[in-house]
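Worksheet: one structure, shown below.
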């Protein structure tokens, strides 16, 4: 499978990437590791006229301790995130979710920013970001802005990113004492999750993000509320599918997905010590 | 667009269309046909190569992304007639039947041990999750990787 022909530009700085975006508008698409975008282009579900390769922007590959938060550059590869000591000690849930993305080959190339900007409801990392109450830093012609995870994912493969904007950083509150669990149900090791549940518990407050339970990555608000009000894991997890409109496909119907969300969330809560 | 790639230690330059997949470049322009195309959708791992020493699926990379990078394919492993230890172990442990997954499996296995030289059986099975063998030959593949690991 070969993508539709396109013009290729390789950005050497964030600034240059933004000016290329400004120049080419909605005809252009940014590519980081390419492990979400290239498959779409090969299937010809995406056909950008201009591909802007930002994969070599070393300046956006980092994990920094910034006091209350960890800052992870958008171009940090999955293999770097999952092995990073700061990530493992401060936001263990993210390390766990990242280690389940695809397979080692995919994690050598794919980036945290690429996975977020793709906005795929079946992707593992957005659910972990939602559970952890992280946020995203976006750069563009009108300057930098920061968006919370809940407002970033707006629809199926759609995000709050404007056509002339670029995701540059992922920020996560440090939770060194948290307990967490990433539950992923799939048929083959490297597959997308049929359903996934990302759970983090910190000082009695719990965060739950769901994979593949709606047209976008979403928060299981009812579960979080129930735990806050003293419900047990078994009681709270019964509410996991509340308000969700899960997809139906060859792997699972809507009811089965709702069932999986309840079971996986219960396991996740229990594994997190609730 | 002109790309220059250090492939198996040799610097080569070719003119490519930006949409050329790295695996097509390797097979058709660099004329190295050891790297196989299996699923063509980054699932099966048959096209696994190394980019700067790390395993990657060459069906899900553009040749232009490898511009200026070091690429190693299955042809770049042996030293003359002497097989790479991983190739030798696959040979000794009969870690293949039809052989189609073998080049990718060997490349993935080498990258795995580079990152985790003391990998145990479970870690090896986990680490090879990106490579499918349809002859169900996993048992002997894992044996071969364990053998190389314990020899190191």
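Chains as they are written, first to last, in this note's numbering: chain C, 48 to 321; chain B, 8 to 159.
We treat Cβ as the ideally placed atom computed from N, Cα and C, and that holds for glycine.
- Contacts with chain C at 9 Å (Cβ-Cβ) include residue 138 of chain B.
- Annotation for residue 77 of chain C: the continuous beta strand (DSSP E) segment containing it runs 75-78.
- Around the Cβ of residue 155 of chain B, a 10 Å sphere holds 16 or more other Cβ atoms; the residue is buried.
- Residue range 301-318 is occupied by the alpha helix (DSSP H) that includes residue 301 of chain C, with no beta strand (DSSP E) assigned at that position.
- With fewer than 16 other Cβ atoms from the protein chains shown falling within 10 Å of its own Cβ, residue 276 of chain C counts as exposed.
- In this structure, residue 219 of chain C sits near residue 119 of chain C, with a CB-CB distance shorter than 9 Å.
- In the DSSP secondary-structure assignment, residue 109 of chain C is not bridged to any residue.
- Between residue 109 of chain C and the set C:314, C:215, C:54, C:282, the nearest pair of CA atoms involves C:215.
- Residues 10, 12, 29, 32, 58 of the same chain have their beta carbon placed closer than 8 Å to that of residue 73 of chain B, with the five preceding and five following residues left out of the count.
- Taking every protein chain shown into account, the CB of residue 124 of chain B has fewer than 16 other CB atoms within 10 angstroms, so this residue is exposed.
- Nearest in C-alpha terms to residue 81 of chain C, of all of C:134, C:155, C:136, is C:155.
- Inside the stretch 99-138 of chain B, DSSP marks whole alpha helix (DSSP H) runs of 4 or more residues at positions 109-122, 128-134, from first to last along the chain.
- Not a single CB atom of chain B sits nearer than 9 Å to the CB of residue 173 of chain C.
- For the C-beta of residue 130 of chain B, not a single chain C residue is nearer than 8 Å; the gap to the nearest is close to 11 Å.
- Contact annotation for residue 230 of chain C against chain B: no contact, minimum CB-CB distance about 17 Å [criterion: below 8 Å].
- Cβ proximity to chain C below 9 Å picks out 24, 25, 26, 27, 28, 31 from the stretch 12-37 of chain B.
- Counted as a single uninterrupted DSSP element, the stretch harbouring residue 126 of chain C is not any beta strand (DSSP E) but the alpha helix (DSSP H) occupying residues 125-130.
- Within its own chain, the residues whose Cβ lies closer than 6 Å to the Cβ of residue 137 of chain C, once the five positions on either side in sequence are excluded, are 117, 221, 223, listed in chain order.
- For residue 186 of chain C, none of the residues of chain B pass the 7 Å Cβ criterion, the least Cβ distance being about 23 Å.
- Using a Cβ-Cβ cut-off of 8 Å, residue 134 of chain B is close to 151 of chain C, given in chain order.
- Residue 177 of chain C counts as buried, since no fewer than 16 other beta carbons sit within 10 angstroms of its beta carbon.
- Per DSSP, residue 90 of chain C is not a residue of any beta strand (DSSP E), being assigned neither H nor E.
- Taking CB atoms only, residue 118 of chain B has a neighbour in chain C less than 9 Å away.
- The stretch 242-253 of chain C makes no contact with the stretch 149-166 of chain C: fewer than 3 CB pairs, one atom from each, lie closer than 8 Å.
- Boundaries of the beta strand (DSSP E) harbouring residue 220 of chain C: 213-220, taken from the DSSP string.
- The beta carbons of residue 174 of chain C and residue 294 of chain C sit no closer together than 9 Å.
- In this structure, residue 168 of chain C sits away from residue 60 of chain C, with a CB-CB distance that is not shorter than 9 Å.
- Interface flag for residue 306 of chain C against chain B is unset, since no Cβ pair is found closer than 9 Å.
- For residue 55 of chain B, the residues of chain C that pass the 8 Å Cβ criterion are 152, in the order they occur in the chain.
- The beta carbon of residue 52 of chain B sits closer than 9 Å to some beta carbon of chain C.
- Your pair residue 80 of chain B and residue 39 of chain B checks out as a contact, with CB atoms roughly 5 Å apart and the cut at 8 Å.
- For residue 237 of chain C, no beta strand (DSSP E) segment is defined, and its DSSP state is neither H nor E.
- Residue 95 of chain C does not reach chain B, its nearest Cβ partner there being about 11 Å away, counting only Cβ pairs nearer than 9 Å.
- Each residue's CA atom was taken as its position, placing residue 117 of chain B and residue 94 of chain B some 10 Å apart.
- Going by DSSP, residue 155 of chain B is part of the alpha helix (DSSP H) stretching over 145-158.
- Counting along the chain, residue 257 of chain C sits inside the beta strand (DSSP E) bounded by residues 252-258.
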